[in-house]
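Just below is one structure, and these are the notes that go with it.
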Amino acid sequence: MIEILAIVISILALFFSLLKDFILPLIKKPKLKFDYENKEPFRRFTLPQNHGKSCFLRIRLKNVGKRPAINCRCQILKIKKGKNNYGDYVGFPIRWACRPEKDVISADRERLNIGQGESEFLDIVTASSCNEEIYLCQYHKENIGISDKLEPGKYEIFIIISGDNFQPYILSFHIEKTAKINPDGLNGKKLTLMEGKSRNELLK
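Below, the structure written as structure tokens:
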């Protein structure tokens with residue numbers, strides 16, 4: 001009788017372990033939604049300071065799933081100008097808007113949890129009244145060997161959002177900037193979720 005009871009307890013322990021670690025995470029998992037509009041708070045201006053007036057384009061991530069999204073991280077896969085790839089931007093880290101630039105020193109704070117029902121913003125690009133270039137909003141100040149500067153023009157930026165407990169999402173974000181020293185000329189045109197596309201397919 002004691003042996004049977006021990007077996008039953010072992011089976012129950014295994015079941016609850018499987019339920020906790022495998023079954024529930026499959027049923028109750030995070031789900032991210034993404035949006036952008038060409039107005040505040042997505043197209044955000046800063047007051048003139050030492051670097052002049054600036055404009056930021058940012059996208060919003062909202063967790064509409066049933067669990068927190070753990071260790072979210074965002075990087076650029078590639079950038080296209082017209083039909084051609086523009087440089088090599090694989091792995092360029094994108095900055096979380098909720099973390100002030102002065103605190104973003106190293107890559108160890110590159111990951112962020114997004115709770116159930118919560119939203120976070122990603123700063124994608126910025127422009128200022130000091131020059132005509134577009135700048136990618138790099139997450140940290142470590143030298144990654146990739147330029148953060150784009151010449152004025154129209155671009156399609158492919159972004160991958162990954163995490164510990166969900167499949168990666170890939171976004172396409174169309175932007176453009178006129179060749180003028182004016183941050184008002186920076187605009188986002190279209191944000192698209194690339195459903196059914198893998199990282200490898202997009203890197204071809």
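To convert, note that position 193 of the sequence shown is 193 in this note's numbering; the numbers rise steadily by one, no gaps. Beta carbons: idealized from backbone N, C-alpha and C, even for Gly. Quick caveat: nothing in here was measured; it's all calculated off a predicted structure.
What three-state label does DSSP hand residue i in the structure shown?
i	result
Pro-41	coil
Asn-143	coil
Gly-117	coil
Gly-163	coil
Gly-185	helix
Glu-151	coil
Glu-110	coil
Asn-84	strand
Asn-206	Only positions 1 to 204 of the chain appear in the structure, and residue 206 is not among them; the question remains open.
Glu-195	coil
Within 10 Å of its beta-carbon, does residue i have 16 or more other beta-carbons around it, so buried, or fewer, so exposed?
i	result
Gly-163	buried
Leu-122	buried
Pro-48	exposed
Ser-128	buried
Val-125	buried
Lys-177	buried
What is the rounded straight-line gap between the Cα of residue i and the Cα of residue j?
i	j	result
Ser-198	Phe-166	14 Å
Glu-156	Glu-133	16 Å
Pro-168	Cys-130	36 Å
Gln-116	Arg-60	15 Å
Leu-112	Pro-183	29 Å
Lys-66	Ile-181	45 Å
Ile-159	Arg-109	19 Å
His-174	Ser-10	55 Å
Lys-62	Gly-145	31 Å
Pro-30	Ile-114	9 Å
Pro-41	Phe-92	24 Å
Val-64	Gly-185	33 Å
Ile-94	Glu-3	57 Å
Gly-196	Thr-46	37 Å
Gly-153	Asn-187	11 Å
Asn-200	Ser-147	22 Å
Glu-205	Ala-179	Examination of residue 205 is not possible in this model, given that the chain is present from 1 through 204 alone.
Tyr-135	Leu-150	6 Å
Asn-143	Leu-32	30 Å
Glu-118	Ile-161	16 Å
Contact check, residue i vs residue j under 8 Å by CB: the rounded distance?
i	j	result
Phe-34	Leu-171	6 Å
Arg-58	Ala-97	6 Å
Lys-80	Tyr-89	Not confirmed; about 10 Å, so no contact.
query = Any contact of the stretch 40-57 with the stretch 69-78, i.e. 3+ C-beta pairs under 8 Å?
reply = no
request  = Pair every Cβ in the stretch 187-196 with every Cβ in the stretch 129-147, then say whether three or more of these pairs are closer than 8 Å.
outcome  = no
task = Report yes or no: do three or more beta-carbon pairs, one from the stretch 58-70 and one from the stretch 80-92, lie closer than 8 Å?
result = The answer is no - the stretch 80-92 does not touch the stretch 58-70, with fewer than three Cβ pairs under 8 Å.
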